[in-house]
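To keep things clear, I will list the structure first and then write my remarks on it.
In this note's numbering, the protein residues as written are 1 to 482.
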């Protein structure tokens with residue numbers, strides 16, 4: 001039977017953290033002469049809600065099992081969305097519930113799809129909170145809270161497993177709390193470095209803060225209507241570098257910072273990630289330069305590089321309209337919505353490691369056909385991949401495809417045209433942001449009806465929590481007493 005006491009206690013902590021983070025936007029509102037009350041009131045209500053949840057007593061020594069872990073993750077995201085949309089509603093920036101929910105879910109899941117049609121006129125405090133929602137969701141606020149679970153007398157290994165993306169569970173430290181601390185140390189450190197880099201390259205402090213938050217979260221919310229296309233080439237190159245780093249497995253980043261480069265280079269996923277980006281940059285640059293009649297080779301290279309990294313890492317920043325380049329490149333960009341960067345990063349999507357497992361196992365299957373009696377194990381990074389992991393990857397891929405197909409059909413039934421239905425479903429499930437059709441890189445989600453926004457909000461959460469974490473709650477096995 002599920003013990004809801006520790007669930008309520010953890011949600012209380014999360015709501016308190018969200019409330020305090022809202023208040024960090026108050027100085028921006030005051031500095032720019034705006035009304036700080038929406039953030040102050042929303043933060044107070046979040047803290048109050050957390051305080052009410054915290055009053056539910058939880059006896060010491062009761063561990064969080066897998067069921068409680070999954071309940072905490074899903075209910076925490078629902079609670080954070082409910083709390084996170086309050087600044088939009090109180091300020092009147094987004095006055096209706098479907099739009100406020102959509103914008104908040106898009107932020108928390110680091111999708112980057114938006115219903116705001118004119119970003120530059122919005123209050124600075126609200127824009128900061130909008131960016132901060134992506135930073136909170138980037139690594140997963142659950143992982144942050146795991147670091148303080150020992151203070152609550154609660155074990156967090158199941159919770160971390162439910163939140164951490166990808167089929168692997170590499171840990172930097174035997175204690176899960178220490179792992180979470182190291183992950184967040186890297187996350188915060190890279191965010192701070194990027195802020196100073198962007199500021200030094202010409203962004204003002206406010207824009208540097210916002211883009212540092214959303215870049216490291218691979219979220220893509222910008223303070224400009226034209227997104228990254230409004231900034232200088234050198235700033236775009238800086239964003240490319242940090243988007244690429246944000247798409248790397250944080251275990252690999254940690255090893256590189258420790259100087260263990262031989263271990264870093266053992267990562268087949270990192271090699272594949274780098275190779276895919278390199279090959280696509282060459283292909284796109286040549287195609288964009290010659291097929292579109294461009295006169296500037298450097299800009300063709302930069303736009304291609306930027307959009308490829310932005311799409312693969314599911315950041316969603318836009319520097320050019322990739323759907324205007326050519327039909328073939330548009331199709332490739334659509335495929336990139338399903339790729340994803342490395343597992344254990346802040347990116348969304350399927351993740352390259354799953355594609356590697358699928359391709360390697362498919363190739364080995366030919367050898368098994370020729371030599372049916374032979375034992376042909378699948379190896380990744382020099383280690384044998386267990387059959388259970390292979391089955392999990394294949395099931396995930398099939399379930400991902402099934403959700404995409406069914407969701408696209410439902411969107412078409414709701415009135416969207418073919419390309420827009422495919423684009424909206426792919427970008428929402430992959431947590432990317434821009435898609436194709438009428439939700440492309442120069443378009444917006446504001447025109448969609450409220451019920452479609454709510455539907456896509458649910459899809460974004462399912463994609464961010466990698467399907468199983470959410471859907472397992474709807475199975476009879478989860479609710480059985482034993």
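Every residue, glycine too, gets a C-beta built ideally from N, C-alpha and C. Quantities reported herein were computed from a predicted structural model and do not represent experimental measurements.
Sort out for me which residues DSSP pairs residue i with in a bridge.
i, result
"residue 383", "380"
I'd like to check one pair, residue j with residue i: are the Cβ atoms closer than 8 Å?
i, j, result
"residue 39", "residue 125", "yes"
"residue 110", "residue 189", "no"
"residue 277", "residue 309", "yes"
"residue 194", "residue 215", "yes"
"residue 87", "residue 129", "yes"
"residue 24", "residue 127", "no"
"residue 11", "residue 79", "yes"
"residue 333", "residue 311", "yes"
"residue 137", "residue 107", "yes"
"residue 77", "residue 461", "yes"
"residue 228", "residue 239", "yes"
"residue 313", "residue 322", "no"
"residue 75", "residue 49", "no"
"residue 192", "residue 134", "no"
Here's the rule: buried if 16 or more other CB atoms are within 10 angstroms of the residue's CB, otherwise exposed. What is residue i?
i, result
"residue 280", "buried"
"residue 479", "exposed"
"residue 37", "exposed"
"residue 140", "buried"
"residue 154", "Caution is warranted here: a pLDDT of 44 is assigned to residue 154, below 50, making its placement in the model unreliable, and the coordinate value is therefore given only provisionally. Residue 154 is buried by the Cβ-count criterion."
"residue 328", "exposed"
"residue 426", "buried"
"residue 274", "exposed"
"residue 20", "exposed"
"residue 68", "buried"
"residue 289", "buried"
"residue 307", "buried"
"residue 265", "exposed"
"residue 398", "exposed"
"residue 386", "exposed"
"residue 340", "buried"
"residue 34", "buried"
"residue 242", "buried"
"residue 149", "In this prediction, residue 149 has a pLDDT of 44, which is less than 50 and means its spatial position is unreliable; what the coordinates show is noted afterwards. Answer is buried; the Cβ neighbour count reaches 16."
"residue 151", "At residue 151, the pLDDT of 43 sits below 50, so the modelled position is not reliable and the matter cannot be decided from this model."
"residue 261", "exposed"
"residue 180", "buried"
"residue 475", "exposed"
Smallest Cα separation from residue i: which of the options?
i, options, result
"residue 324", "392, 309, 435", "435"
"residue 423", "96, 21, 10, 113", "113"
"residue 353", "8, 267, 182", "267"
"residue 393", "432, 407, 357, 411", "357"
"residue 355", "71, 396, 85", "396"
"residue 83", "74, 67, 42, 351", "42"
"residue 382", "360, 455, 119, 420", "360"
"residue 403", "430, 302, 388", "430"
"residue 452", "408, 475, 477, 258", "408"
"residue 53", "34, 30, 13", "13"
"residue 444", "253, 135, 119", "119"
"residue 186", "254, 298, 331", "254"
"residue 66", "90, 7, 17, 55", "7"
"residue 46", "29, 85, 272", "85"
"residue 116", "474, 442, 473, 475", "442"
"residue 5", "32, 72, 18, 22", "72"
"residue 55", "9, 90, 384", "9"
How about residue i: is its C-beta nearer than 8 Å to some C-beta of chain B?
i, result
"residue 351", "No chain B appears in the structure shown, which is made up of a single protein chain."
- Message: For the structure I just gave you, are there three or more beta carbon pairs, one from the segment 87 to 102 and one from the segment 204 to 213, closer than 8 Å?
- Response: Taking 8 Å as the limit for Cβ pairs, the verdict is that the segment 204 to 213 does not touch the segment 87 to 102.
- Query: When the Cβ atoms of the segment 410 to 421 are set against those of the segment 446 to 461, are three or more pairs found closer than 8 Å?
  - Reply: Under the 8 Å Cβ criterion, the segment 410 to 421 counts as touching the segment 446 to 461, having at least three qualifying pairs.
- Message: If contact is defined by three or more beta carbon pairs under 8 Å, each pair taking one atom from either stretch, is the segment 281 to 289 in contact with the segment 362 to 381?
- Response: At 8 Å Cβ cutoff, the stretches do not touch.
- Message: Across the segment 242 to 258 and the segment 341 to 352, are there enough close Cβ pairs to call them in contact, namely three or more that are closer than 8 Å?
- Response: The segment 242 to 258 vs the segment 341 to 352: in contact.
- the segment 371 to 383 touching the segment 454 to 469, judged by at least three CB pairs closer than 8 Å: Output reads no: the segment 454 to 469 does not touch the segment 371 to 383.
- Query: Is there contact between the segment 231 to 240 and the segment 357 to 365, where contact requires at least three CB pairs shorter than 8 Å?
  - Reply: At 8 Å Cβ cutoff, the stretches do not touch.
- Pair every Cβ in the segment 425 to 440 with every Cβ in the segment 312 to 321, then say whether three or more of these pairs are closer than 8 Å. Note that the segment 425 to 440 touches the segment 312 to 321; at least 3 beta-carbon pairs, one per stretch, sit closer than 8 Å.
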